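Here the structure comes first, spelled out in structure tokens, and everything after it is commentary.
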Amino acid sequence: MQATKTDVRTEEFMLDYLDNAVVGLHWVDGDAKILWANKADYEPLGYTEDEYVGHSITEFHADADVINDILERLLSGQSLYNYKARLLCKDGSTKSVLIASSGLFDDANNFVHTRCFTIEDPSTT
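Take the position in the sequence shown, starting the count at 1, then add 326; the result is the number in our numbering.
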């Protein structure tokens, strides 16, 4: 099936919407590798796309027990809402955030990646 101009235009709008959203968005695979992230996910932490995407999400969490719990829950099919975490900024400081995330599973129920939304924790600003 050939894509129409409308399909291509819609895809361009969706990519622009995701890449330029004002909340952090990212996908993480079952090995904790960041597969994709938008600018609002890595720029507030002081990182570039190359310093962030392709790395383990564990590198950017201040608390190992927190990210391990997040990953365990998502891999088991749970969803997270307003899960508190602290992220490591490039300059060594930390940023308190709230995470909402769920996992994407294929037809055979194999984990594909997370669908994660990250916002700064308003109670800490």
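Ideal Cβ positions, reconstructed from N, Cα and C, are used throughout, including at glycine. Note that the structure is predicted; figures quoted are calculated from it, not measured.
Assumed close pair Phe386, Leu413 - CB separation to whole angstroms, cut-off 8 Å: Taking the sequence shown and counting its residues from 1, the one referred to as residue 386 is at position 60. Taking the sequence shown and counting its residues from 1, the one referred to as residue 413 is at position 87. About 5 Å separates the two Cβ atoms, so the contact holds.
Range of the contiguous beta strand (DSSP E) that encloses Glu369: Against the sequence shown, residue 369 aligns to sequence position 43. No beta strand (DSSP E) holds Glu369; DSSP gives it neither H nor E.
Ala390, buried or exposed, once every other Cβ within 10 Å from all chains shown has been counted against 16: Here residue 390 is taken as the residue at index 64 of the sequence shown, counted from 1. If you draw a 10 Å sphere on the C-beta of Ala390, you find fewer than 16 other C-beta atoms in it, and that means exposed.
Candidates Pro448, Thr420, Phe431 and Tyr343: closest to Thr440 by CA position: Sequence index remark: in the sequence shown, residue 440 carries index 114 (1-based). For Thr440, the nearest C-alpha among the options comes from Phe431.
Presumed contact (8 Å Cβ cut-off) between Val379 and Ile360, rounded CB distance: Numbered from its first residue, the sequence shown carries residue 379 at position 53. Numbered from its first residue, the sequence shown carries residue 360 at position 34. The Cβ separation is near 5 Å, so the contact holds.
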